[in-house]
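Residue 8 in the UniProt record's numbering is what sits at position 8 of the sequence shown, and the numbering runs on without skipping anything.
Ideal Cβ placement from N, Cα and C applies to all residues, glycine included.
Since this is a predicted model, take the numbers as computed values, not measurements.
The structure appears right after this line, and notes come after that.
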Amino acid sequence: MRSNNTSVTDIEIIEDFSPTARCDEGFLRVRRLRCQNRRADGSASKVYRVDVVDRPRLDAVAVLVYRRGETGLEVLTRMNLRPAAFFRKGKDMALPDGRSYLRVEEIVAGLLELEDKGEEGLRHRAAEEVREEAGYVVSPEEIRLLGAGFFVAPGILSEKVFPAAVDVTGKQPQTPEGDGSPLEEGTELRWHPIEALLAACRRGEVPDAKTEIAITRLLAGQP
Numbered sequence: 001m002r003s004n005n006t007s008v009t010d011i012e013i014i015e016d017f018s019p020t021a022r023c024d025e026g027f028l029r030v031r032r033l034r035c036q037n038r039r040a041d042g043s044a045s046k047v048y049r050v051d052v053v054d055r056p057r058l059d060a061v062a063v064l065v066y067r068r069g070e071t072g073l074e075v076l077t078r079m080n081l082r083p084a085a086f087f088r089k090g091k092d093m094a095l096p097d098g099r100s101y102l103r104v105e106e107i108v109a110g111l112l113e114l115e116d117k118g119e120e121g122l123r124h125r126a127a128e129e130v131r132e133e134a135g136y137v138v139s140p141e142e143i144r145l146l147g148a149g150f151f152v153a154p155g156i157l158s159e160k161v162f163p164a165a166v167d168v169t170g171k172q173p174q175t176p177e178g179d180g181s182p183l184e185e186g187t188e189l190r191w192h193p194i195e196a197l198l199a200a201c202r203r204g205e206v207p208d209a210k211t212e213i214a215i216t217r218l219l220a221g222q223p
């Protein structure tokens, strides 16, 4: 991973090749469909269009990395470059928002690979993402699954996110290796008291749904 001292101030669009790009290629695949509802009485609706967005890997795992400090639970987040959120700037918004979303704060997450099957696969991928993105070496057996997966935008995205958590109290982190992507330039790791982070999510200061859901589920399951 690149040094946290790297300061990215903007993302420049060098080329917008949307008009010439195929929708079934690239990191996101857009399927443009014509559909029809079939009803129990044998009738059908009118034909309508549906756009579905798929990733090359269908689902993802999100991991709440936490530790037990003197004042209670603390949660690790990553400040990541997020172009899609950043490029909202200048668009007509229902609720005006003067913030720049060049970086978005969120918990560790990553796509499930083809070999990641069942709960064992979820735990394996979660442990790998924690090592790669947070620098903590944990075993799959240490990963705690936080209930069923959830859709983020089921109207267009087929992806489910499976929340998990791991306690790294007493563990010493290594330097996260990252994936070498320019999107990881300037990534910053931060620790927050868990209640303070949950409050920041609800105020919109940490506008990431998987972070809020994972925190809520972990707190609900605490003794």
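Burial state of residue i, where buried means 16 or more other Cβ atoms lie within 10 Å
i	result
T211	buried
N4	With a pLDDT of only 45 at N4, under 50, the local geometry of the prediction cannot be trusted, and no value is derived from it.
G221	exposed
G42	exposed
M1	Unreliable placement is indicated for M1, whose pLDDT of 40 sits below 50; the coordinate value is still reported in the next sentence. It is buried - the Cβ of M1 has at least 16 other Cβ atoms within 10 Å.
R217	buried
D92	exposed
G110	buried
D179	exposed
A127	buried
E12	exposed
L33	exposed
L219	exposed
Cβ distance (whole Å) where residue i is taken to contact residue j below 8 Å
i	j	result
I194	E74	7 Å
S158	L28	11 Å between Cβ atoms; not a contact.
A196	V152	No, A196 and V152 are not in contact; Cβ-Cβ is about 24 Å, not under 8 Å.
I114	R125	Per the sequence shown, residue 114 should be read as Leu rather than Ile. Their Cβ separation, rounded to whole angstroms, is 11 Å, which puts L114 and R125 out of contact at 8 Å.
Within 7 Å, strictly: CB atoms of residue i and residue j
i	j	result
R88	V104	no
V166	E142	yes
A85	V161	no
E185	M79	no
P163	I213	yes
R123	P140	yes
V130	V63	yes
R67	V206	no
R31	V52	yes
E70	E132	no
Top-ranked residue by Cα proximity to residue i, from the options
i	options	result
A134	F27, R190, G98	R190
D10	V53, D54, P182, L218	P182
D54	I156, E132, K117	I156
residue 228	R144, N37, A94	With the chain covering 1 to 223 only, the question about residue 228 has no answer from this structure.
H192	E120, G98, E106	E106
I119	L146, R39, P56, A94	Checking the sequence shown, residue 119 turns out to be Glu, not Ile. Cα-wise, what sits closest to E119 is L146.
Assess, as a yes-or-no matter, whether the stretch 73-87 is touched by the stretch 42-50 under the definition of 3 or more beta carbon pairs within less than 8 Å. no
Inter-stretch contact at 8 Å, needing at least 3 Cβ pairs: the stretch 199-206 / the stretch 21-37: no
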